[in-house]
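The opening residue of the sequence shown carries number 1 in full-length UniProt numbering; numbering runs sequentially from there. From the three backbone atoms N, C-alpha and C, an ideal C-beta is built for every residue, glycine too.
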Amino acid sequence: MRSRTPDRLCAEAVDLARTAAEEAAAPGTVGEHVDAVADGDRVVTHLFECKEPGYRGWRWAVTVARASRAKHVTLDESVLLPGPDALLAPEWVPWSERLRPGDMGPGDLLPTEAEDLRLEPGIFGGADGADGAGGAEGVGVAPGVAELADAEDADVEPGSPAVQPDTTARGSIAAVADELGLGRPRVLSRYGLHAAADRWEEAYGPKTAMAQAAPANCVSCGFLVPLAGSLRQAFGICANEFGPADGHVVSLGYGCGGHSEAAIMPKPPRPAPPVIDETVVDPLPLRPDRAGGSVEESGPGEEFGHS
Numbered sequence: 001m002r003s004r005t006p007d008r009l010c011a012e013a014v015d016l017a018r019t020a021a022e023e024a025a026a027p028g029t030v031g032e033h034v035d036a037v038a039d040g041d042r043v044v045t046h047l048f049e050c051k052e053p054g055y056r057g058w059r060w061a062v063t064v065a066r067a068s069r070a071k072h073v074t075l076d077e078s079v080l081l082p083g084p085d086a087l088l089a090p091e092w093v094p095w096s097e098r099l100r101p102g103d104m105g106p107g108d109l110l111p112t113e114a115e116d117l118r119l120e121p122g123i124f125g126g127a128d129g130a131d132g133a134g135g136a137e138g139v140g141v142a143p144g145v146a147e148l149a150d151a152e153d154a155d156v157e158p159g160s161p162a163v164q165p166d167t168t169a170r171g172s173i174a175a176v177a178d179e180l181g182l183g184r185p186r187v188l189s190r191y192g193l194h195a196a197a198d199r200w201e202e203a204y205g206p207k208t209a210m211a212q213a214a215p216a217n218c219v220s221c222g223f224l225v226p227l228a229g230s231l232r233q234a235f236g237i238c239a240n241e242f243g244p245a246d247g248h249v250v251s252l253g254y255g256c257g258g259h260s261e262a263a264i265m266p267k268p269p270r271p272a273p274p275v276i277d278e279t280v281v282d283p284l285p286l287r288p289d290r291a292g293g294s295v296e297e298s299g300p301g302e303e304f305g306h307s
C-alpha cells in the first residue's frame, strides 16, 4: 500500500535526483524542483521543471529508494513525463480516418476495404459470355491491384491513364456489359449513392447562399448537362465556365447568377439616320413699311441695291 508521507531520507535526496536528471537531459534544461511524491514505502519520485523547447508543462521525474533499515538512498530511474498542463501531441488516428478530400496526389494509392459500405458486388460477364452475379468471393480484382494495395510503398508503373487493357470483341455479352457499366467488379451501393448525393447537395444545393440569391434554378438552365441513371432526376453537371460550379455536380435546385436565362440583354436601339435638308429655302419674314403696309424683307445686299 502506498504511503501518503514521503520517506524522509528519500525526500531529502534532491541533489541526487537532480544530478540524475541532468545526466539524462540536455544541458540547462532541468529547472526548479517542483515536488516530491511518495510512490510507496521508502520510494519517492522527485519532479523537476523541464525547460526543453517544445515540452511546455513536462517534468523530469527521478525516482529514488532505499532498502529497509538502510540509510543509503539509491537511484531507481529518471524519465520525462507530462504534467497536468503539459503540451501533448494529438491522439494517434489511423491514416484511413485522417484522410480528407483533396489529400491524394499524383502516384498516391488509396485501397478500399473489402467491406466498404459504399460499394457492392457488380454484375459482370465471364469469358464464355455467361452473365453472373458476383458475390463477396466472386468479385474480380484487376491484376496487380491486390499487390499494390498490400504494399504501401508500391511504385506506380509509368504510362498514360488513357491506355486501357484490351477488351472483348464488340457485340459479345461481356462487351455489352462493359458499355452499360456492368463489367466492374464492384459498383456503388445504395448507401454510397445516398452519401454522394448528400455531399453534393451540401456543396451545390438549393440551401446554399448562392442558390437562395439566384434568379432561377439549374433545372431550367441551358448550361446544365444531365447525368445518367437515377441521379439524372436530381443532379447534373454545370458547363458554364463563368459560373461558380463549372465542372461540378450540382443539384437541380441549385442556381447562380450565371443562369442562361437570367438576363437576356435587349439589342441596343439603332439611331435614326441623319436628315440633311439643303434644297428647301425658308421664306423671308415680312416687315412693316413706312406707309403702313408690309413688304417682304430683302435679302442680304438687296437693301443696298446689290444684285
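In this structure, S96 is the residue among P84, S96 and E52 with its C-alpha nearest to the C-alpha of L110.
By the neighbour-count criterion, in which 16 or more other beta carbons inside 10 Å mark a residue as buried, F223 falls on the buried side.
Check the Cα spacing between K71 and each of A228, A13 and C221: the tightest is with A13. Secondary structure note for A24: its alpha helix (DSSP H) is the uninterrupted segment V14 to A24.
Taking the Cα of V62 as reference, the smallest distance to any Cα among V43, P106, P101 and V93 is reached at V43. Taking the Cα positions, R4 is about 8 Å away from G40.
Taking the C-beta atoms as reference points, K51 is found no nearer than 8 Å to G83. For C221, there is no enclosing alpha helix (DSSP H), as DSSP gives it neither H nor E. Between A24 and S78, the CB-CB gap stays under 8 Å.
In this model, P53 and P90 are separated by some 18 Å (Cα to Cα). For L80, the enclosing beta strand (DSSP E) stretches over residues T74 to P82.
Burial check for F242: the Cβ neighbour count within 10 Å stays below 16, so the residue is exposed. Classified as exposed, Y191 has fewer than 16 neighbouring CB atoms from the shown chains inside 10 Å of its CB. For A214 against G257, the beta-carbon gap comes to about 6 Å, under 8 Å, which counts as contact. Annotation for H194: the continuous alpha helix (DSSP H) segment containing it runs R190 to A203. At the C-beta level, G57 and A86 come within 8 Å of one another. In the DSSP assignment, L119 falls within the unbroken beta strand (DSSP E) covering L119 to P121.
In this chain, the beta strand (DSSP E) harbouring E49 covers V43 to C50. Within 10 angstroms of the beta-carbon of W92 lie fewer than 16 other beta-carbons, which makes it exposed. Remark: C-beta atoms of R8 and V34 do not approach each other more closely than 8 Å.
The Cβ-Cβ distance between R186 and E120 falls below 8 Å.
In the three-state scheme derived from DSSP, where H, G and I count as helix and E and B as strand, A61 is classed as strand. By the Cβ neighbour-count rule, T45 is buried, with 16 or more other Cβ atoms within 10 Å of its own. Within the same chain, no residue comes within 7 Å of D103 by CB-CB distance, once the 5 residues on both sides are set aside. DSSP assignment within the stretch 219 to 271 yields no whole alpha helix (DSSP H) run of 4 residues or more. Here the C-alpha atom of G236 lies approximately 21 Å from the C-alpha atom of P101. L81 and A20 have their alpha carbons spaced roughly 15 Å apart. Taking a 10 Å sphere around the C-beta of S251, we find 16 or more other C-beta atoms and assign the residue as buried.
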